[in-house]
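Below is one structure; the comments refer to it alone.
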Amino acid sequence: MTYGAFLIGHPLFWSALVGICLGGALATATRDARRDPRPERARSRKWTAAALWTTVGVVAATCGILVPDGLTFFGLPSLYVGAAALALIAMALRFPRAAGIPVFFILAAATVLGPLLMRPFVPMRDAGVAATVQLLAVDQSGAYVEVNDRTPGAGPAPQVISIGDPTGDPTVVARAHLLQISDYLFFLGARGGVALDALRTATAEVTASSGGDAVTLYSGMQFIERAIDVMPLLTLTTVESEPVRLSLLEGYEIVGLPDGSVQMRRVVASE
Numbered sequence: 010m011t012y013g014a015f016l017i018g019h020p021l022f023w024s025a026l027v028g029i030c031l032g033g034a035l036a037t038a039t040r041d042a043r044r045d046p047r048p049e050r051a052r053s054r055k056w057t058a059a060a061l062w063t064t065v066g067v068v069a070a071t072c073g074i075l076v077p078d079g080l081t082f083f084g085l086p087s088l089y090v091g092a093a094a095l096a097l098i099a100m101a102l103r104f105p106r107a108a109g110i111p112v113f114f115i116l117a118a119a120t121v122l123g124p125l126l127m128r129p130f131v132p133m134r135d136a137g138v139a140a141t142v143q144l145l146a147v148d149q150s151g152a153y154v155e156v157n158d159r160t161p162g163a164g165p166a167p168q169v170i171s172i173g174d175p176t177g178d179p180t181v182v183a184r185a186h187l188l189q190i191s192d193y194l195f196f197l198g199a200r201g202g203v204a205l206d207a208l209r210t211a212t213a214e215v216t217a218s219s220g221g222d223a224v225t226l227y228s229g230m231q232f233i234e235r236a237i238d239v240m241p242l243l244t245l246t247t248v249e250s251e252p253v254r255l256s257l258l259e260g261y262e263i264v265g266l267p268d269g270s271v272q273m274r275r276v277v278a279s280e
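No gaps in the numbering here: position 144 of the sequence shown is 153 in my numbering, and each next residue is one more.
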């Protein structure tokens, strides 16, 4: 699922769009036409513009009822988001200097911080595949596993890691960082994010990230921990999958789910 498809399927996106349109209509309708040199023409233009804003809002509300899946468009979260968008846009358009400039900086900050927040993670819009792994060989010195990291910024070439387990048991547990995002932050384009941290057996553990990718992940986690202090709509946890005994040369996906769990799933070859 793409970023655009996620937004289109989210009811709060349509609630915000309805609020923006109604806010534009309210700001336009309350504008004083008497200050214009041609008040009659200005009055006609403002009501035409208000009607256009309202029409687009009605179309957005119709889409909000018909398109989204999950949260109901008529629920309280939709009401809160719509009311906030209406108030912000109405104030910004009605009072450009007093309210418009702060609203602009708020939107600019969200535009910049959103990608920084999601940078260390694979987005989870339904489920997010953090990495794929494949057992290449196993002997008395341990298991040799090929890891293909899907995290943005990871190198294109997979890496081979050795998990030194003297038992030779290829049963592996995946540990991952999981970011859960409130529905109110729908503009981030995901319900959460997942990033592979390490693979371990019963007696050994190896960090899956290496080089610059590890630095990116570490700095990203620090940024998110600071963001959580001021934005309680984010939750960052470290979770482990159930142990999975890897089959030789079979592919497995490390999948993060919006419910806060991580699974290792065998890749089924498509016919």
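Idealized CB from N, CA, C, for every residue including glycine.
Since this is a predicted model, take the numbers as computed values, not measurements.
For residue i, the first and last residue of its enclosing alpha helix (DSSP H)
i: Glu49; result: Pro48 to Leu75
i: Phe24; result: Note on identity: in this sequence residue 24 is Ser, with Phe being the wrong assignment. Residues Pro20 to Ala38.
i: Val112; result: Ile110 to Met127
i: Tyr153; result: Taken as a continuous stretch (DSSP letters only), Tyr153 belongs to no alpha helix (DSSP H), being part of the beta strand (DSSP E) at Gly151 to Asp158.
i: Tyr89; result: Leu85 to Arg103
Selection from the options that minimises the alpha carbon distance to residue i
i: Pro132; options: Gln149, Leu197 and Gln272; result: Leu197
i: Leu255; options: Thr247, Ile110, Val182 and Ala119; result: Val182
i: Phe22; options: Arg50, Phe83 and Trp62; result: Phe83
i: Gly73; options: Pro20, Glu234 and Phe130; result: Pro20
i: Ile29; options: Asp148, Phe15, Tyr12 and Leu102; result: Leu102
i: Trp56; options: Gln168, Leu116, Thr37 and Leu145; result: Thr37
i: Thr247; options: Ile237, Arg184, Ser150 and Met240; result: Arg184
i: Ile172; options: Thr160, Leu126 and Val147; result: Val147
i: Leu35; options: Ala92, Tyr12 and Ser87; result: Ala92
i: Leu31; options: Thr244, Ala59 and Thr180; result: Ala59
i: Gly13; options: Leu266, Pro161, Thr81 and Phe195; result: Phe195
i: Ile233; options: Ser150, Ile110, Glu251 and Pro124; result: Pro124
Buried versus exposed, by CB contacts within 10 Å (16 or more), residue i
i: Val276; result: exposed
i: Asp135; result: exposed
i: Met273; result: buried
i: Arg47; result: exposed
i: Asp268; result: exposed
i: Ser53; result: exposed
i: Leu188; result: buried
i: Pro129; result: buried
i: Val169; result: exposed
i: Thr160; result: buried
i: Pro105; result: exposed
i: Ala107; result: exposed
Residue i: first and last residue of the uninterrupted beta strand (DSSP E) it sits in
i: Ala207; result: Gly201 to Arg209
i: Ala10; result: Correcting the residue type first, residue 10 is Met in the shown sequence and not Ala. Looking at the DSSP string, Met10 is not in any beta strand (DSSP E), and its letter there is neither H nor E.
i: Arg274; result: Val271 to Arg275
i: Arg184; result: Thr180 to Ile190
i: Leu281; result: Residue 281 lies beyond the residue range present for the chain, which begins at 10 and ends at 280; the question has no answer from this structure.
i: Met133; result: Val131 to Met133
i: Thr81; result: Neither: Thr81 is in no beta strand (DSSP E) and is coded neither H nor E.
i: Thr212; result: Here Thr212 belongs to no beta strand (DSSP E), and DSSP marks it neither H nor E.
Closer than 8 Å: residue i CB and nearest the ligand GDP heavy atom
i: Thr244; result: Summarising the ligand content, the structure contains no ligands, and the ligand GDP is consequently not present.
Counting pairs of beta carbons, one from the region 203-214 and one from the region 32-42, are three or more of them closer than 8 Å?
-> no
Is the region 137-147 close to the region 251-271, with three or more CB pairs under 8 Å?
-> yes
Determine, using beta-carbon pairs with one atom in the region 192-209 and one in the region 153-162, whether at least three such pairs fall under 8 Å.
-> yes
Segment contact flag, the region 54-65 with the region 84-100, C-beta cutoff 8 Å, min 3 pairs = no
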